[in-house]
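So that you can map any letter, position 120 of the sequence shown is 119 in numbering that gives the first Met the number 0, and since no number is skipped, the others follow by simple counting. Even glycine gets a Cβ: it sits at the ideal position worked out from N, Cα and C. Small disclaimer: the values here were computed from a predicted structure and weren't measured. A short worksheet on the structure shown next.
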Amino acid sequence: MHGEFKVPNGKLVVADVEVQDGLLTDLRLSGDFFLEPEEALGEMSDALEGLRADAPATVYEQAVERARGDAVMVGFDPRAIAIAVLRALGRSTSWADHSFELVDTGEQHPAMQMALDEVITRQVGDGERPPTLRVWEWASNAVIIGSFQSLSNEVDLEAAARHDTTVVRRISGGGAMFVEPGNTITYSLYVPATLVEAMSFVESYAFLDAWVVRALRELGVEASYVPINDIVSPAGKIGGAAQKRMANGAVLHHVTMSYDMDAAKMLDILRIGREKLSDKGHVSAAKRVDPIRSQTGLSRRDVVGAMLQSFENSYGLRRVDLDDATLKEAEQLAREKYDDPAWLARVP
Numbered sequence: 000m001h002g003e004f005k006v007p008n009g010k011l012v013v014a015d016v017e018v019q020d021g022l023l024t025d026l027r028l029s030g031d032f033f034l035e036p037e038e039a040l041g042e043m044s045d046a047l048e049g050l051r052a053d054a055p056a057t058v059y060e061q062a063v064e065r066a067r068g069d070a071v072m073v074g075f076d077p078r079a080i081a082i083a084v085l086r087a088l089g090r091s092t093s094w095a096d097h098s099f100e101l102v103d104t105g106e107q108h109p110a111m112q113m114a115l116d117e118v119i120t121r122q123v124g125d126g127e128r129p130p131t132l133r134v135w136e137w138a139s140n141a142v143i144i145g146s147f148q149s150l151s152n153e154v155d156l157e158a159a160a161r162h163d164t165t166v167v168r169r170i171s172g173g174g175a176m177f178v179e180p181g182n183t184i185t186y187s188l189y190v191p192a193t194l195v196e197a198m199s200f201v202e203s204y205a206f207l208d209a210w211v212v213r214a215l216r217e218l219g220v221e222a223s224y225v226p227i228n229d230i231v232s233p234a235g236k237i238g239g240a241a242q243k244r245m246a247n248g249a250v251l252h253h254v255t256m257s258y259d260m261d262a263a264k265m266l267d268i269l270r271i272g273r274e275k276l277s278d279k280g281h282v283s284a285a286k287r288v289d290p291i292r293s294q295t296g297l298s299r300r301d302v303v304g305a306m307l308q309s310f311e312n313s314y315g316l317r318r319v320d321l322d323d324a325t326l327k328e329a330e331q332l333a334r335e336k337y338d339d340p341a342w343l344a345r346v347p
């Protein structure tokens, strides 16, 4: 059995292994990494021999860590070896192991956007839908607050009403997002948890954001990922990600990026405090927004098209329309949950 893992911004780690009586055997590690002394590679391989094939990833990682001793590992680490072994065993997957769909859900109001995210994530986890990508199109202005944010602390509801902006709460954590039709680019990835198996939340953010960072760079934007969940350029922040891991084995990962943000309106509605800005290195909140339009000169449509083409070139992408069953389920969930004032104010 053969497994490979490319460390984000690092090197390739390869694991070849057999399983006999439920135990790892004939395990060989290789890759384009750097390691000194070279004998440490054999010692780390030997440390994995005889471990159970169904052991947690942490068992593999800890065994490698003990065996490495004082060895210097460049471009990889014990976690990367553990993931490569899991991929060889079929317990972890790579992008190439999946066929992705791009679902067109059309323009939707805020509560429906939230409901569609939850329904499609559930479908992927239940095996009813393959891994899926969705680009949000908006029918109205919105503020989307994180699952654990205080409504009163984050949003000026009078200002939101004045700007005809609907406030909703999503199921993922993170901070508030301000969106206007045509002024933001938001997408969701719905993937099985095997794609980020053995990765921490921080590692999975970088892993799942890598494709869009690459796409932006292809457009001439000097984009990069900054932990925990930001996409930035030398001119400032471009966007942020949020994530939810579901009990049925699916991961929802969504990102909102500024295309042509009305910073004054955003600041009127959102209560962005000095504490939140203190580690961003900015004097004013307005400088946190760096529209993609100013860096590319392209229309939003062309930017989205280029992003999708980059994803398709890397992983493949089959375009599908939203089916009636999913639409009806999302409409019901929007009414019963995301339009419910009690859900919005669950953290007052």
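Kindly list the residues whose CB is nearer than 8 Å to the CB of residue i, restricted to its own chain and excluding five residues on each side of it in sequence; keep chain order.
| i | result |
| --- | --- |
| residue 286 | Residue placement at residue 286 is flagged as unreliable, the pLDDT there being 45, under the threshold of 50; a coordinate-derived value is accordingly withheld. |
| residue 230 | 208, 211, 212, 215, 222, 223, 224, 236, 237, 238, 239, 240, 254 and 256 |
| residue 162 | 140, 264, 267 and 268 |
Helix, strand or coil for residue i? Go by DSSP, reduced to three states.
| i | result |
| --- | --- |
| residue 229 | strand |
| residue 135 | coil |
| residue 243 | strand |
| residue 3 | strand |
| residue 193 | helix |
| residue 57 | helix |
| residue 177 | strand |
| residue 37 | coil |
| residue 325 | helix |
| residue 19 | strand |
| residue 140 | strand |
| residue 29 | strand |
| residue 107 | strand |
| residue 235 | strand |
| residue 216 | helix |
| residue 286 | Annotation note: pLDDT 45 at residue 286 (below 50); position unreliable, coordinate value reported separately. If DSSP states are grouped into helix, strand and coil, residue 286 belongs with the helices. |
| residue 341 | helix |
Based on the DSSP secondary-structure assignment, which residues constitute the bridge partners of residue i?
| i | result |
| --- | --- |
| residue 336 | Answer is none; residue 336 lacks a bridge partner. |
| residue 43 | DSSP output for residue 43 lists no bridge partner at all. |
| residue 317 | 100 |
| residue 253 | 187 and 241 |
| residue 295 | The partner list for residue 295 (beta bridge, DSSP) is empty, contrary to what the question assumes. |
| residue 10 | Answer is none; residue 10 lacks a bridge partner. |
| residue 269 | 154 |
| residue 164 | 140 |
| residue 24 | 17 |
| residue 72 | 34 |
Let me check understanding here. Comparing Cα to Cα, which of the options lies closest to residue i?
| i | options | result |
| --- | --- | --- |
| residue 202 | 1, 7, 294 and 2 | 7 |
| residue 327 | 57, 297 and 114 | 114 |
| residue 259 | 294, 267, 232 and 85 | 294 |
| residue 73 | 111, 12 and 44 | 12 |
| residue 170 | 187, 206 and 53 | 187 |
| residue 139 | 121, 160 and 125 | 160 |
| residue 32 | 10, 51, 38 and 39 | 10 |
| residue 123 | 204, 248 and 151 | 248 |
| residue 17 | 35, 50, 40 and 77 | 50 |
| residue 135 | 335, 111, 205 and 305 | 111 |
| residue 116 | 68, 89, 168 and 77 | 168 |
| residue 251 | 345, 78 and 133 | 133 |
Once the 5 residues before and after residue i are set aside, which same chain residues still bring their CB inside 7 Å of it?
| i | result |
| --- | --- |
| residue 48 | 23, 24 and 26 |
| residue 277 | Residue confidence is low: residue 277 scores 48 on pLDDT, short of 50, so the model does not pin down where it sits. No coordinate-derived value is stated. |
| residue 299 | 181, 184 and 258 |
| residue 46 | 62, 63, 65 and 66 |
| residue 200 | 242 |
| residue 172 | 145, 146, 147 and 241 |
| residue 30 | 10, 11, 12, 13 and 75 |
Near residue i, which residues of its chain fall below 6 Å by C-beta distance, leaving aside the five closest residues on each side in sequence?
| i | result |
| --- | --- |
| residue 158 | 267 and 268 |
| residue 308 | none |
| residue 94 | 314 |
| residue 193 | 91 and 92 |
| residue 15 | 1 and 27 |
| residue 233 | 221 |
| residue 228 | 204, 239 and 240 |
| residue 53 | none |
Return the Cβ separation of residue i and residue j in integer angstroms, given the expectation that the two are a contact with Cβ distance under 8 Å.
| i | j | result |
| --- | --- | --- |
| residue 130 | residue 190 | 5 Å |
| residue 316 | residue 102 | Rounded, the Cβ-Cβ distance is 11 Å, inconsistent with contact. |
| residue 82 | residue 177 | Between residue 177 and residue 82 the Cβ distance is about 36 Å, and since that is not below 8 Å, they are no contact. |
| residue 297 | residue 118 | Not confirmed; about 32 Å, so no contact. |
| residue 153 | residue 270 | 6 Å |
| residue 145 | residue 174 | 6 Å |
| residue 245 | residue 164 | Rounded, the Cβ-Cβ distance is 29 Å, inconsistent with contact. |
| residue 197 | residue 56 | 4 Å |
| residue 347 | residue 218 | With 8 Å as the limit, residue 347 and residue 218 do not qualify as a contact, their Cβ atoms being about 42 Å apart. |
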